[in-house]
Every structure is written in C-alpha cells, then in structure tokens.
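Worksheet: one structure, shown below.
Protein chains: 2
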Amino acid sequence: LQTEVPHVIGIDLGGYHVSAAVVNPEGHLIGISERTVERFRPPAEVLAILVSAAREALERSGLGHEAIRGIGVGLPGTLRPTEGLCLFSTILNWQDVQIRDPIQEALGLPTCILNNVHATAVGELSFGAGKDVDNFACVSIGTGIGGGVIIGGEIYRGDSDSAGEVGHITVDPDGPECVCGNQGCLEALTAGPAIARMAAESLKLGAQSLLTDMAAQSQPIRAEHVFRAAREGDALAIKIWEKVGRYLGLGIATLITLVNPRRVILGGRVSQAFEFFGPSLKEEVRRRARVVPRDFTEILPSPLGARASLLGSAATALAEARCREVATVPKTV
Amino acid sequence: LQTEVPHVIGIDLGGYHVSAAVVNPEGHLIGISERTVERFRPPAEVLAILVSAAREALERSGLGHEAIRGIGVGLPGTLRPTEGLCLFSTILNWQDVQIRDPIQEALGLPTCILNNVHATAVGELSFGAGKDVDNFACVSIGTGIGGGVIIGGEIYRGDSDSAGEVGHITVDPDGPECVCGNQGCLEALTAGPAIARMAAESLKLGAQSLLTDMAAQSQPIRAEHVFRAAREGDALAIKIWEKVGRYLGLGIATLITLVNPRRVILGGRVSQAFEFFGPSLKEEVRRRARVVPRDFTEILPSPLGARASLLGSAATALAEARCREVATVPKTV
C-alpha cells in the first residue's frame, strides 16, 4: 500500500504556450515550467517541448520521479480522451493526432488528456470557486470564448460532447460574423479580437483617447491596451468595457435561464478586466434573467485565473491515480 | 404480492381546463374525462372539479377503485412536490396552496404533484419521442412557452428548480416586452398571443388576407385563426408562420448550443402548425448552431401532443407506486 502523499504533473497546452507544474492533492503548484510554442508547428515538435517542460517542472519541484503518480494534459480541441486522441483542433491546427502515448512513453508515467475547457471547469470544481457547489458554469474569455457546465458535481457533456458552448450563442441576430459561420455570436462581440475591433473602429471615427497613443506605438491595438487605458481612467476604454459587459450579460442571462447554475465563474485573460465590465454585465443579467427565483445568481471572476486548466488536468490525473490504486489494493488487508 | 397490472390516474390541470384519465403501464388511456374550469376560481372549487373528473375517468374505465395504485397531477407553477404544495402559480393565481392532501383524502389514493412542464418531459421520456434517448429537450408552445430538459434520463432541475426556461431567453434584445419583465423573450415573440398580435398588426396595415374575414367574425383574432388561414393557403398567414419559425429557430439554436440534446421535441397547441413554421425553424437552427458536431439535431413535433403532461403525471405516479411496492415486499419471498 502506498502511503506517501500522491503528486501529479498538470500540463496546459495552448496555441502559443505550454505550462507544466507538479501539483499536490491540495492543488498547490510545487515546480513550474513555462514555454512559448511557435504557432502551427508539427505535433512531434510541440509534444517534445511539452515533455521537456514537464521534466523541468519535476526537476524544479525537488521531488523524485517515483513521487509522481501520473500526468494530466489539457488542450483545446475535440478529443477522444479514452483513446488519447486529438480528433481536431483549429487552435493547434491538428487532426487525428495521438497525444497520450508519446507523452506516456517519454516520461514513463500514466497520462490522461482532456479538453481545456472541461479542464478549466474541473479545476474550479476541485480547487477554485466551484469547490462548494454542485451546479455551476465556467465562461472563459480570451481569444475565443469557451464554456463548461458542471451538473451534480460532474462535467455536463451533452449528447455529443459539445454542451456549454456559450461563446456561440447568438446575442445580436444581425451582429458581426463569427469564426463558426454564424453571425452575432457572443464570441464575435466580446472576445479579445472583438474588443480590439471596437477600439480600432472608435479611433477611426476620431474619438479622443489614450488608445490613440497606444495604437501609434503598437499596431494593431489589442484588448490588453483597452484594459490598460481603462485603468488609467480613459473614458473611451471605460465605455468599451461597459458595452462588452452588456453583451456578456445578455449571453450569461441566457445561460442562467437555461442551465440555472448556482454560480457563473469567469476566467480567461479578458476576465482580468472584470472591474470594468462586471457592473454592466450584472445589470444586464438582472434585467434579462427574470424567471430564476433567486434574486441573483453569483457571478464572479475565477480565483484560479489562468491556472484553472492546468489545475483541472492535475485533478483529473489525481483522480485516475486514485482509481488505479484502489483497483490494485489487495482484497484482504 | 400484487400481481395484477398496475393502473394509475393521470391528471393535467391548466388555467382553463382539467383532464383526467386512467392510464396503464404502456401509457394507454383507458377512461378519459375533460372539464373546463372557469379562470381564477378559488383552489377548493378547482380541486372539487378535478376530483370529480378523476371519479368520472375511473367510472368510464370500467375498473374498480382497487385496481388504481395512485394519482399523478401536473399543474403550472412553482411547486414543492415532496410537501404537496403549490408555492406560486400565475396561471392559476394561487399562492401557498396545499393540493396533494385534499385530492388524496377525497379519492383515497396516494397522490403526487409535479410541474406540468416537467410532467411533459417525463411523458415524452416514458411514452413519447424521448423513449429511446437519454438527453433531450421539450419546448411547449401555447399561451406561454415552457421548456424541460432531460439529462441522463432524468429531469434536469438546475440549482433552484428553474432550468430549461427557454421561453424567457432573449432572442431580440430590443423586442417587445414580456410578462416576465424582460424584453424580446422567445415567448414574447412566438407564443400564441404574439402570433395573434403579429396578425392583428398586419391587418391594421391593410394586408389582404383570409384573416380579415376571420377577424370580422371573431374578435380578437387568435393564433388558431392564423393556423386555419395558412391551411387554406393564405399568403399573409404563411408569412407569419415563417417569421415565427425564424424566431423559434434562433431560440432553439441557443438551446442546442448550450445543452446539446439529441432531440428537441415541440409540444403545445401552437406546435400543431409545425408544417408551416418547421422549415424556417430548421433553416435558422442550421445557420446558427454551428459548433455542434452532429450535422443536425433532430427537431420534431411531439407524438403525444396535448396528452404529454397527463401521461408524464401518470408515469410519475406509476414509478412512485412501484417504489412503494418494492419497499413493502417481504425480505424473504
């Protein structure tokens, strides 16, 4: 019987980066390694960087290989986790790639893979704002918008593993085109590129703003600039965030009306600007979500921030390690 | 041990009617009684009509009282089923009414109550278009719009029992006011009164239509007239249904994107016009719900029609009767 505290390695793979960390059962990160990844490189090259980040994280943790029970990898795309396959990922530009086996072989540890949006939801459930509730939704706002729903303490996958896609519900029927082919999706109006577009359009119309200088120094303007300008009290930037909050509120009101979660947890880089878009978001939810008996569903930014996906991958690896250990305990102790 | 086939009485109570029927385990209606109910009468009066309808149904079935195992009652409103209470119902204008106990006493049979939208979903699950699927959604379109979601073969209630309220998601942010206090809800654009309003507005603008005569004969015009006119090939009526289909498609695309059901089953009186609004509804869903891997979630009118709620109440009563019987079987047979 193994009695020492089990540790795992959690890995978060994105289009531009990979993060790996040794994680203990309380969700503390013990050794961390971060790497940038050049976009659209072949899978073998990306997986080699991932493996080297995992080795570096282990080294930095000061723990030996024998202390690690498994590896969990979160990545964007449509996966077949039981087979270790990435069927399709637009962000990585991969199709039918075996991910689990090469990692497992290189590191000599049982490995599991899961979608990074699901990983984010599991991260909140295990170590974040979802620890004490059974029904909640995560909305991750970055370059795109992802959503994960936890029902009865488990990921709700829907009939074909695509439930919770809050980024692709229509909030403005005649709104701008979305990458998915629809128009007026929440993502097309409130993800990073949409916020940047709003700023660029306002500047083109001759609005006075700190953003004018920022745009002159760094083309093209990004959502990050709109955040920085708002922090400096720029009126145009503040107005843009208020508008983003209204669209987000409309989408989240729909999520609440259909799914009735106890909490809505906002993650992703854009959610760092919660102080600027939160008030108009909440006002819009109060105005639109009228049939939920509760006066107000809690809406809050994630306490885990960008670490939610890594922590959820680690939590999944921990859970699988426990299952294996229970299965191998002798029947009579 | 009871060996004969168990029967129950299913009851559907609405704002204007009550239907009761003896139902066998295959979902066949053996005796039926229908009564109209004057609107907004005191609970005791309504419950007396309900009890008398149940007695008539039993009499018409030709079965004796001893053949009946229980009663299931579906009604609109916020209920506390385990206590037999109706906390609040706008349609019945009731508040804090004990429903179960008076029925149970008057008829001498174990009685259970449930929300009629939940009852509709259970009806489809037990005897209708949901028999062979685990994840599906029901959308009931009548005077209002109700929605019920079945996840893993069970009603999904959400955190405060108000999940699936598809009638109150915003489909036109600047649309007409809804009874719920929001504006542009699906219900405010596609339920019976909204369809009637669209017709009345078109006629006011001088549109040529069979509806002109119908309106002259029976004021105010109702959704039913628009259905009859469409059946006779009236161009205005057909155009109205096409528009209704587009709004419904927008709302159902959102439902599919968030909940990812295998099927969407349309019930309620308005769904009788499916042949007229179905094509534009499906086109809009195809256009808007782009991130669901399946080419097309099935969308179909309910095979149970107006009987779904009564059948779901009966199925719930049957399930409860089975639980009681298992609990009372001697441990050694």
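For the protein sequence lines, the chains are U and A, in the order given.
Positions 1 to 333 (the numbering used here) are the ones given, in order, by the first sequence.
Positions 1001 to 1333 (the numbering used here) are the ones given, in order, by the second sequence.
Don't be surprised by glycine CBs; every beta carbon is placed ideally from N, CA and C.
How long is the line joining the alpha carbons of residue i and residue j, rounded to whole angstroms?
| i | j | result |
| --- | --- | --- |
| residue 262 of chain U | residue 1160 of chain A | 8 Å |
| residue 1210 of chain A | residue 1196 of chain A | 14 Å |
| residue 1002 of chain A | residue 1321 of chain A | For residue 1002 of chain A, the predicted structure reports a pLDDT of 47, less than 50, and the residue's modelled location is therefore unreliable. A value from the coordinates is still provided. So the alpha carbons of these two residues sit roughly 11 Å apart. |
| residue 1278 of chain A | residue 1251 of chain A | 13 Å |
| residue 1281 of chain A | residue 323 of chain U | 46 Å |
| residue 1106 of chain A | residue 1165 of chain A | 34 Å |
| residue 1286 of chain A | residue 1113 of chain A | 38 Å |
| residue 308 of chain U | residue 43 of chain U | 24 Å |
| residue 128 of chain U | residue 1193 of chain A | 45 Å |
| residue 140 of chain U | residue 120 of chain U | 8 Å |
| residue 1110 of chain A | residue 1071 of chain A | 6 Å |
| residue 1268 of chain A | residue 1305 of chain A | 7 Å |
| residue 255 of chain U | residue 1191 of chain A | 21 Å |
| residue 1333 of chain A | residue 1187 of chain A | At residue 1333 of chain A, the pLDDT of 47 sits below 50, so the modelled position is not reliable and the matter cannot be decided from this model. |
| residue 118 of chain U | residue 96 of chain U | 20 Å |
| residue 1172 of chain A | residue 1328 of chain A | 54 Å |
| residue 1301 of chain A | residue 1155 of chain A | 20 Å |
Classify residue i: buried if its beta carbon has 16 or more other beta carbons within 10 angstroms, exposed otherwise.
| i | result |
| --- | --- |
| residue 234 of chain U | buried |
| residue 1012 of chain A | buried |
| residue 1326 of chain A | exposed |
| residue 1339 of chain A | This structure cannot speak to residue 1339 of chain A, because chain A is shown only from 1001 to 1333. |
| residue 1005 of chain A | exposed |
| residue 16 of chain U | exposed |
| residue 76 of chain U | buried |
| residue 153 of chain U | exposed |
| residue 288 of chain U | buried |
| residue 45 of chain U | exposed |
| residue 33 of chain U | buried |
| residue 1276 of chain A | buried |
| residue 69 of chain U | buried |
| residue 1229 of chain A | buried |
| residue 136 of chain U | buried |
| residue 1028 of chain A | exposed |
| residue 1227 of chain A | buried |
| residue 39 of chain U | exposed |
State yes or no: is the beta carbon of residue i nearer than 8 Å to at least one beta carbon in chain A?
| i | result |
| --- | --- |
| residue 242 of chain U | no |
| residue 99 of chain U | no |
| residue 151 of chain U | yes |
| residue 132 of chain U | no |
| residue 159 of chain U | yes |
| residue 139 of chain U | no |
| residue 37 of chain U | no |
| residue 1 of chain U | Unreliable positioning characterises residue 1 of chain U in this predicted model, as indicated by a pLDDT of 41, which lies under 50. The coordinate reading is nonetheless provided below. Chain A, which has no Cβ nearer than 8 Å to the Cβ of residue 1 of chain U, makes this no. |
| residue 258 of chain U | yes |
Measuring only between beta-carbons, confirm whether residue i sits less than 8 Å from chain U.
| i | result |
| --- | --- |
| residue 1180 of chain A | yes |
| residue 1255 of chain A | yes |
| residue 1250 of chain A | yes |
| residue 1015 of chain A | no |
| residue 1165 of chain A | yes |
| residue 1299 of chain A | no |
| residue 1082 of chain A | no |
| residue 1135 of chain A | yes |
| residue 1028 of chain A | no |
| residue 1025 of chain A | no |
| residue 1118 of chain A | no |
| residue 1280 of chain A | no |
| residue 1220 of chain A | no |
| residue 1113 of chain A | no |
| residue 1170 of chain A | yes |
| residue 1287 of chain A | yes |
| residue 1055 of chain A | no |
Please confirm whether residue i has its beta-carbon closer than 8 Å to some beta-carbon of chain D.
| i | result |
| --- | --- |
| residue 1290 of chain A | Among the protein chains in the structure shown, which are U and A, there is no chain D. |
Pull the bridge partners of residue i from the DSSP assignment, please.
| i | result |
| --- | --- |
| residue 1154 of chain A | A/1151 |
| residue 1127 of chain A | Its beta-bridge partners do not exist; DSSP assigns none. |
| residue 1177 of chain A | A/1183 |
| residue 159 of chain U | Paired residues: none, contrary to the question. |
| residue 12 of chain U | U/19, U/74 |
| residue 1029 of chain A | A/1023 |
Practice task
Output the residue ranges of the beta strand (DSSP E) runs that lie fully inside the segment 187 to 271 of chain U and measure 3 residues or longer, sorted by chain position.
Solution key: 263 to 267
Handout entry: Ranges of the alpha helix (DSSP H) found wholly within the segment 288 to 330 of chain U, counting only runs of at least 4
Key = 308 to 328
Handout entry: alpha helix (DSSP H) runs contained entirely in the segment 73 to 115 of chain U, provided each spans 4 or more residues
Key = 100 to 107
Handout entry: Within the segment 1035 to 1079 of chain A, ranges of the alpha helix (DSSP H) (whole runs, at least 4 residues)
Key = 1043 to 1061
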